[in-house]
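What follows is a single structure, written as C-alpha cells, with notes after it.
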Amino acid sequence: MKRFFVVTVLVIVCFLLQCTVFHALAFGGIVPNLLIVMTASFGFMRGEKTGLTIGFFCGLLMDIFFGEVIGFNALLYMYTGYTNGKFNHIFFPEDVKLPIALIICSDLFYSITYYILMFFLRTRFHIGHYFLHVILPEIVYTIVITIFLYPVILWINRRLESSEKRSAKKFV
614 MKRFFVVTVL VIVCFLLQCT VFHALAFGGI VPNLLIVMTA SFGFMRGEKT GLTIGFFCGL
674 LMDIFFGEVI GFNALLYMYT GYTNGKFNHI FFPEDVKLPI ALIICSDLFY SITYYILMFF
734 LRTRFHIGHY FLHVILPEIV YTIVITIFLY PVILWINRRL ESSEKRSAKK FV
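Sequential numbering of the sequence shown, starting at 614, is according to the numbering used here.
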C-alpha cells in the first residue's frame with residue numbers, strides 16, 4: 614500500500630513538472646519526457662509487471678490531458694515499461710550506463726512510433742526534420758534531466774524496498 618501511494622505521488626509530480634515547470638524551461642518548444650524516465654526506471658528496477666502498470670498510468674495521464682486518442686500513449690508507455698522490465702535481471706543500481714541507454718532507447722522508440730502513427734500516416738513525410746528538430750533534442754534534454762532525476766527515483770525505490778523488508782520481518 615505504501616509503495617502504491619509513493620509511486621502514485623511520484624508519477625503525478627513528474628507529470629506536473631513535465632507539464633508546468635519544464636514547459637517554462639522549454640528549449641525551442643522541446644520538453645523532457647519525465648514520464649518515460651519514470652516508466653523505464655521502474656520497469657528495469659522492479660520488473661515487467663510494475664513497468665507495464667506504471668507505463669499504463671503514465672500514458673493514460675498523457676492521453677487524458679493531451680492525447681487525441683484515449684489509450685494511444687497508454688499503449689506506448691505500457692510497451693516501454695514492459696520492455697524495460699525485461700532488463701530487470703541484469704540491472705545493477707550502481708551502474709548508470711544501462712539506465713541511461715534504456716531511457717535513450719525508450720524515448721527514441723516512443724518518439725518514432727508516435728511520429729509514424731500520428732504524422733506519417735497523415736502523409737506528413739518530414740521524418741528528417743522531425744528527427745533533427747524534435748526527437749534528438751528531446752532525447753538530449755531528457756537524458757540531462759535523467760542524470761538528476763534517476764538517483765532520486767533509485768533512492769526512493771531503495772527506501773521502499775528496505776521498508777518492505779522491515780515490515781515483512783515483523784510477520785515472520
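Ideal Cβ positions, reconstructed from N, Cα and C, are used throughout, including at glycine.
The structure displayed is predicted, hence computed values, not measured ones.
If you draw a straight line from the Cα of PHE704 to the Cα of PRO764, it is about 14 Å long.
Taking C-alpha positions only, ILE625 is separated from CYS632 by approximately 10 Å. Rounded to whole angstroms, ASP708 and THR755 show a C-alpha spacing of 19 Å.
Taking a cut-off of 8 Å for Cβ pairs, the stretch 740-760 and the stretch 639-646 touch, as three or more such pairs fall below it. Judged by beta-carbon spacing, GLY694 lies within the 8 Å limit of THR652, meaning their Cβ atoms are closer than that value. Judged by DSSP in its simplified three-state form, PHE705 adopts coil rather than helix or strand. Assigned with DSSP and collapsed to three states, PHE738 falls in coil, not helix or strand.
LEU629 sits exposed, since fewer than 16 C-beta atoms from the chains shown fall within 10 Å of its C-beta. For MET658, the CB contacts under 6 Å within the same chain, skipping 5 residues up- and downstream, are ASN770 in chain order. Bridge partners of ILE643 according to DSSP: PHE640.
Approximately 4 Å separates the beta-carbon atoms of GLY698 and GLY664; this is inside 8 Å, confirming the contact.
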